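Engineer:
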Amino acid sequence: MTDLPSAPAPAVRFERATVAYDGTPALEEITLEIPAGALVGVIGPNGSGKTTFLKAILGLTPPVQGRIFVGEECCHHLKRIRREIGYVPQASQVDPNAPFRVLDVVLMGLYPGLGPLRRPGREGRRKALAALEAVGMEGFALRPAGQLSGGQLQRVAIARALVRDPRILLLDEPFTGLDVRSQHAVLDLVVRTHRERRLTTVLVTHDVNLVYPYLDRVLALNRRVYAYGPPQEALVRETLERMYGAEVQVHEAGGRPFVFAGDHHHG
Amino acid sequence: MGEMFSYAFVQRALLASLLVGTACSLVGVFVVLRGLAFIGAGIAHAAFGGVALGFLLGWNPLVTAVGFCVATAGAIHATSQAGRIRMDASIGIFYALTMALGILFVGLMKTYDARLYGYLFGNILSVTTTDLRIIAALTLAVAATVIVFFKEFQLLSFDPEVAEALGLPAGRYSFVMLVLVSLTIVLSLDAVGILLVFALIVTPASAAYQLTYDYRALFVLSVLFGNLSCFLGLVLSYGLDVPSGATIVLTATGLFFVCLALSPKRRGGRP
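Protein chains in written order, with the working numbering: chain S, 14 to 280; chain B, 818 to 1088.
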């Protein structure tokens, strides 16, 4: 677990923020702070607003009520600092024949910061190669992205987020669809990146047991905040049962809790 | 056959076909990567409404078609962005609507204008100097837009959701892409006509797609195939005295099948 700075300015702050799609609230009256440099895991059932929570930090879904601060910026100005946030969206398939090389995909992380006509150039390529090296994919720079495995593609997506040298890293279900080995490789990468760069990291996952030992805080989310705090405090059976609306078992093993929730299949 | 190039109308036709080949194959890359084939076909049919409206009102048919196609692209885009219906349904609605309007406009005309038939099937050998100027201006506009927003379009072609999340206004650039498709369709009407224009957009880019995993190379190959199809098609149509639009499209399709047969991707190969 990472030591948090003594009196940190929060990296992200939600103030009674409500986010809605077509009038239906996806997040209701969220109030919380994410300290700078923290590794936060967001858990909750499917459709509980976990992805919306990340998109709200990105300023893609502005709150209809309340306010969301990222650093000093707030509300509709969040666009300005989107460049300082590295976002790894939920993995989507890349057509095996698609004409995008790994290096190009990483360079895309730099595109929105440049104006039209401007190219990343030599400096951009250097940064992209460094980001690939950081995720252990430097040998794949010229491979077509569509021919990578799921785990490799996920590492490239993380490199694309890191190439912007972000202050905050957001990851949406980074382990979904990966085999156990790749899951651990990606987890190690996320944890290492978080520690080495002291990067505020928010990780959405339905597999809390995988990530829990590394988390500074757990956010249990189902439209509202059910629990937010250190894992030992947040991962309480009664709280989780209210959130999942189903039976939850929390077992102790080796000095740490394991969560078994009704609507998920944990082996 | 060399003496054919000494005629002014053949020179105009050749120049026009190379401009058309370039614009179509550039925009075709986006159409192939973003899966815009159906919307492109819809916009091509909207061009019929635009051309007919031009004849009815005595306006320049190509300029009228530009306005009509861009408006249709905007309507399709807006309807699907609103999320009330699926994109393909939205295209279907406007596809038929614009065709119906075209037929209505033709019906309202006092006299039948034979040039309308030319826009349906294309007749590049009848391109006038004014047509050539319009084609050149539109091709320049399309090529310049592709160059200026090259990396933005690359990001959008890769994945619109990723693009949006990285901070690119994906919806706006998607619409710019549709406007490029509209302009390209209109500037190609003289050469290949409303019914065949879409082949010239999709086919050279699809042929290039068979051969490379590199995004930039895809544009280079696509433009090469587009121009080759137009040039060979024009020479063949002149030499054999057969319709130019059809010959150009058949040449492009022939090239596509050659590329398909040679494709390393088809064999599951690595670059």
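In this text, a Cβ means the ideal position worked out from N, Cα and C, and glycines have one as well.
Nothing here was measured: the structure is a model prediction, and the numbers come from that model.
Classify A240 (chain S): buried if its beta carbon has 16 or more other beta carbons within 10 angstroms, exposed otherwise.
Structural biologist: Answer is buried; the Cβ neighbour count reaches 16.
Engineer: Quick one: what's L234 (chain S) bridged to in DSSP?
Structural biologist: BP columns for L234 (chain S) point to S:V238.
Engineer: Is there a C-beta anywhere in chain S that falls below 8 Å from the one on K1082 (chain B)?
Structural biologist: Yes, its Cβ sits closer than 8 Å to a Cβ of chain S.
Engineer: Please go through the same chain and pick out, in chain order, the residues whose beta-carbon is closer than 8 Å to the beta-carbon of R932 (chain B), but skip the five residues on each side of it.
Structural biologist: If we look at R932 (chain B) and ignore the five residues flanking it on each side, its Cβ neighbours are F872 and P878.
Engineer: Which value, in whole angstroms, describes the spacing of the CA atoms of C1076 (chain B) and T1029 (chain B)?
Structural biologist: Near 11 Å, if we compare the C-alpha coordinates of T1029 (chain B) and C1076 (chain B).
Engineer: Determine the burial state of S105 (chain S): buried for a count of at least 16 other Cβ atoms within 10 Å of its Cβ, exposed for fewer.
Structural biologist: S105 (chain S) is exposed by the Cβ-count criterion.
Engineer: To test your reading of the DSSP string, which unbroken alpha helix (DSSP H) runs of 4 or more residues are found completely within the segment 17-80 of chain S?
Structural biologist: Entirely contained in the segment 17-80 of chain S, the alpha helix (DSSP H) runs reaching 4 residues are, in chain order, 63-71.
Engineer: Are the segment 75-93 of chain S and the segment 940-956 of chain B touching by the rule of at least three beta carbon pairs closer than 8 Å?
Structural biologist: No contact exists between the segment 75-93 of chain S and the segment 940-956 of chain B.
Engineer: Checking contacts by CB at 8 Å: is A982 (chain B) closer than that to chain S?
Structural biologist: It does: the Cβ of A982 (chain B) has a partner Cβ on chain S nearer than 8 Å.
Engineer: Does P157 (chain S) pass the burial test, meaning 16 or more other C-beta atoms within 10 Å, or should it be called exposed?
Structural biologist: The residue is buried, with at least 16 neighbouring Cβ atoms inside 10 Å.
Engineer: For chain S, find out if any of its Cβ atoms is closer than 8 Å to the Cβ of F975 (chain B); answer yes or no.
Structural biologist: With 8 Å as the cut-off, F975 (chain B) counts as an interface residue toward chain S.
Engineer: Do we get a CB-CB distance below 8 Å when we pair G122 (chain S) with the residues of chain B?
Structural biologist: At least one chain B Cβ lies under 8 Å of G122 (chain S).
Engineer: Taking Cβ-Cβ distances shorter than 9 Å, what residues in chain S pair up with F966 (chain B)?
Structural biologist: Here the neighbours are P129 and L130.
Engineer: May I have the straight-line CA-CA distance separating G163 (chain S) from V107 (chain S), to the nearest angstrom?
Structural biologist: Each residue's Cα considered, the two are about 10 Å apart.
Engineer: Does the distance from the C-beta atom of T1064 (chain B) to that of L1072 (chain B) stay below 8 Å?
Structural biologist: For T1064 (chain B) and L1072 (chain B), no; Cβs fall outside 8 Å.
Engineer: Taking only the alpha-carbon atoms, compute the straight-line gap between L127 (chain S) and V215 (chain S) and give it to the nearest angstrom.
Structural biologist: Each residue's alpha carbon lies about 26 Å from the other.
Engineer: Identify the continuous beta strand (DSSP E) that holds V848 (chain B) and give its terminal residues.
Structural biologist: Careful: V848 (chain B) lies outside any beta strand (DSSP E), inside the alpha helix (DSSP H) at A825 to R851.
Engineer: At what residues does the alpha helix (DSSP H) containing A1022 (chain B) begin and finish?
Structural biologist: Note, A1022 (chain B): alpha helix (DSSP H), V1014 to Y1026.
Engineer: In terms of residues, what are the limits of the alpha helix (DSSP H) holding Y912 (chain B)?
Structural biologist: Element bounds for Y912 (chain B): M904 to L925.
Engineer: For P265 (chain S), which residues does DSSP report across the bridge?
Structural biologist: The displayed chain sequence assigns Glu, not Pro, to residue 265 (chain S). Bridge partners of E265 (chain S): S:P270.
Engineer: Using a Cβ-Cβ cut-off of 7 Å (strictly less than) and excluding sequence neighbours within five positions of A1024 (chain B), which residues of its own chain qualify?
Structural biologist: Correct list, in chain order: F1042, L1072, F1073 and C1076.
Engineer: I'd like to confirm the pairing. Which residues does DSSP put opposite R114 (chain S) in its beta bridges?
Structural biologist: S:P157, per the DSSP bridge assignment.
Engineer: For the beta strand (DSSP E) that I1011 (chain B) lies in, which residues bound it at each end?
Structural biologist: Where I1011 (chain B) is concerned, there is no enclosing beta strand (DSSP E), given that its DSSP letter is neither H nor E.
Engineer: Out of S:V231, S:P48 and S:P58, which one is the CA nearest neighbour of V83 (chain S)?
Structural biologist: Selected option, being the one with the closest Cα: S:P48.
Engineer: Output yes or no for whether 8 Å exceeds the beta carbon distance between S1005 (chain B) and V837 (chain B).
Structural biologist: Against a cut-off of 8 Å, the Cβ pair of V837 (chain B) and S1005 (chain B) comes out as a contact.
Engineer: If you compare alpha carbons, which of B:G939, B:E981, B:D976 and B:A954 is closest to L861 (chain B)?
Structural biologist: The sequence as given places Ala at residue 861 (chain B); Leu does not occur at that position. Residue B:G939 is the option with its Cα nearest to A861 (chain B).
Engineer: Hey, F966 (chain B) and P129 (chain S) are a contact pair by Cβ (cut 8 Å); roughly how many whole angstroms apart?
Structural biologist: The Cβ separation is near 6 Å, so the contact holds.
Engineer: Reducing DSSP to helix, strand and coil, say where E260 (chain S) ends up.
Structural biologist: The answer is coil: DSSP assigns E260 (chain S) none of H, G, I, E or B.
Engineer: Looking only at its chain, what residues have a beta carbon closer than 8 Å to the beta carbon of Q828 (chain B), apart from the 5 residues adjacent to it on each side?
Structural biologist: Counting only Cβ-Cβ distances below 8 Å, and skipping sequence neighbours, we find F822.
Engineer: CB Y936 (chain B) to CB V868 (chain B), shorter than 8 Å?
Structural biologist: Yes, the Cβ-Cβ distance between Y936 (chain B) and V868 (chain B) is below 8 Å.
Engineer: Step through the CB atoms of chain B and report whether any lies within less than 8 Å of the CB of H279 (chain S).
Structural biologist: In this predicted model, H279 (chain S) has a pLDDT of only 43, less than 50, meaning its place in the structure is not dependable enough to derive any value.
Engineer: Is the segment 44-61 of chain S in contact with the segment 25-33 of chain S, if contact means three or more CB pairs nearer than 8 Å?
Structural biologist: Short answer: they touch.
Engineer: Please report how far the alpha carbon of P986 (chain B) lies from the alpha carbon of A1034 (chain B), in whole angstroms.
Structural biologist: If you take the alpha carbons of P986 (chain B) and A1034 (chain B), they lie about 26 Å apart.
Engineer: Under the three-state reduction of DSSP, which class applies to Y100 (chain S): helix, strand or coil?
Structural biologist: Here Y100 (chain S) sits in strand by DSSP.
Engineer: Go ahead and label Y34 (chain S) buried or exposed: buried means 16 or more other beta carbons lie within 10 angstroms of its beta carbon, across all protein chains shown.
Structural biologist: Exposed, because fewer than 16 other Cβ atoms sit within 10 Å of the Cβ of Y34 (chain S).
Engineer: For the beta strand (DSSP E) holding D220 (chain S), just list the boundary residues, first then last.
Structural biologist: It is not in any beta strand (DSSP E) - D220 (chain S) carries neither H nor E in the DSSP assignment.
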